[in-house]
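Participant: Below is one structure. I have some questions about it.
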Amino acid sequence: MNRPATAADPAELVAFLIANPGVQFLDVHYTNLAGVPRGKRLRAHEFAAAFENGRFLPGSILVVDITGLDVEESGMVWEDGDADRIGWPVPGTLARAPWLGADSADVMLSMHELDGRACDLDPRQVLRNVVARFSADGLTPVVACELEFYLLDARRTRDGGIRLPRGADGRVPGHRQVYGL
1 MNRPATAADP AELVAFLIAN PGVQFLDVHY TNLAGVPRGK RLRAHEFAAA
51 FENGRFLPGS ILVVDITGLD VEESGMVWED GDADRIGWPV PGTLARAPWL
101 GADSADVMLS MHELDGRACD LDPRQVLRNV VARFSADGLT PVVACELEFY
151 LLDARRTRDG GIRLPRGADG RVPGHRQVYG L
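Just so we're aligned, residue 1 is where the sequence shown starts under the numbering used here, counting upward by one.
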């Protein structure tokens, strides 16, 4: 297992924890090709290993559809036995996550093959490849971002929190997404 040059330095974690001693949980997440964050919640004793060695995640996390179902046609579910890939923390993305609780933080991952190569299906790598192709032609791509939004119930909880929206039948949808954070 090779550490990629693009991975966050473990010293970033050390400095963060000194400045934020109450952090007990770290959500490590990767945003898939559909723009859906997927990942895991780590406990304090797991933080250092994630920064030093990366975090193993199933390869199929790269190829799930918007609802969390495997895209079997990708060849990364059954053909390779859902082999692990490694998520490495992205430098500069470690931050407190107060919406998850006063004791929580969050860090973005880039997915890599076990030999350290960037995974071709990681959106960050897809973008790097596109930028490289433009650069080879003497061009610089420009991106215009669109702000997204979430639908919420207009009524708040008793303590002022947000509520999930209700469908036309008056019920809150009960489905969950695999690896959803």
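Yeah, the Cβ is synthetic: ideal placement off N, Cα and C, and Gly gets one too. Computed from a predicted model, the values in this text were never measured in an experiment.
Buried or exposed: where does glycine 87 fall if 16 or more other Cβ atoms within 10 Å of its Cβ makes it buried?
Facilitator: When all chains shown are included, glycine 87 counts as buried.
Participant: From this set, Phe25, Leu33, Ala34, which residue's C-alpha is nearest arginine 196's C-alpha?
Facilitator: An answer regarding residue 196 cannot be provided, because it is not within the stretch 1 to 181 covered by the chain.
Participant: Taking the continuous beta strand (DSSP E) assigned at proline 37, which residues delimit it?
Facilitator: From DSSP, the beta strand (DSSP E) with proline 37 extends over 37 to 43.
Participant: Nearest to methionine 76 by alpha carbon, out of Val64, Ala154, Ser60?
Facilitator: Among Val64, Ala154, Ser60, the Cα nearest to that of methionine 76 is on Ser60.
Participant: Are the CB atoms of leucine 94 and alanine 11 within a distance shorter than 8 Å?
Facilitator: Contact: no.
Participant: Give me the Cα-Cα distance between leucine 100 and glycine 138, rounded to the nearest whole angstrom.
Facilitator: Going from the Cα of leucine 100 to the Cα of glycine 138 covers about 43 Å.
Participant: Do alanine 97 and aspartate 153 count as a contact pair if the criterion is CB distance below 8 Å?
Facilitator: For aspartate 153 and alanine 97, no; Cβs fall outside 8 Å.
Participant: Within 10 angstroms of the Cβ of arginine 38, are there 16 or more other Cβ atoms? Answer buried if so, exposed if not.
Facilitator: Arginine 38 should be labelled buried.
Participant: Determine whether the beta carbon atoms of aspartate 80 and proline 58 lie at a separation below 8 Å.
Facilitator: Not in contact: aspartate 80 and proline 58 (Cβ atoms no closer than 8 Å).
Participant: Closer than 8 Å by C-beta to glycine 22: which residues in its own chain qualify, once you throw out the five before and the five after it? Chain order, please.
Facilitator: Once the five neighbours on either side are set aside, the close Cβ partners of glycine 22 are Ala102, Asp103.
Participant: Check for me: the alpha helix (DSSP H) holding arginine 133 runs from which residue to which?
Facilitator: Residues 123 to 136.
Participant: Taking the alpha-carbon positions, what's the leucine 109 to proline 173 distance?
Facilitator: Spanning the two alpha carbons is a distance of roughly 29 Å.
Participant: If I measure Cβ to Cβ from proline 187 and keep anything under 7 Å in the same chain, skipping five residues before and after, which residues do I get?
Facilitator: Because the chain here runs from 1 to 181, residue 187 falls outside it and cannot be looked at.
Participant: Can you name the residues that DSSP bridges to asparagine 60?
Facilitator: It is serine, not asparagine, that sits at residue 60 in the sequence shown. In DSSP, serine 60 forms no bridge with anything.
Participant: Which value, in whole angstroms, describes the spacing of the CA atoms of glycine 170 and proline 4?
Facilitator: For glycine 170 and proline 4, the distance between alpha carbons rounds to 49 Å.
Participant: Name the one or two DSSP bridge partners that glycine 87 has.
Facilitator: DSSP lists Arg55, Met111 as partners of glycine 87.
Participant: If you draw a straight line from the C-alpha of glycine 54 to the C-alpha of valine 143, how long is it?
Facilitator: Using only the alpha carbons, I get a separation of about 29 Å.
Participant: Are there 16 or more other CB atoms within 10 angstroms of the CB of cysteine 145, so buried, or fewer, so exposed?
Facilitator: With fewer than 16 Cβ atoms within 10 Å of its Cβ, cysteine 145 is classed as exposed.
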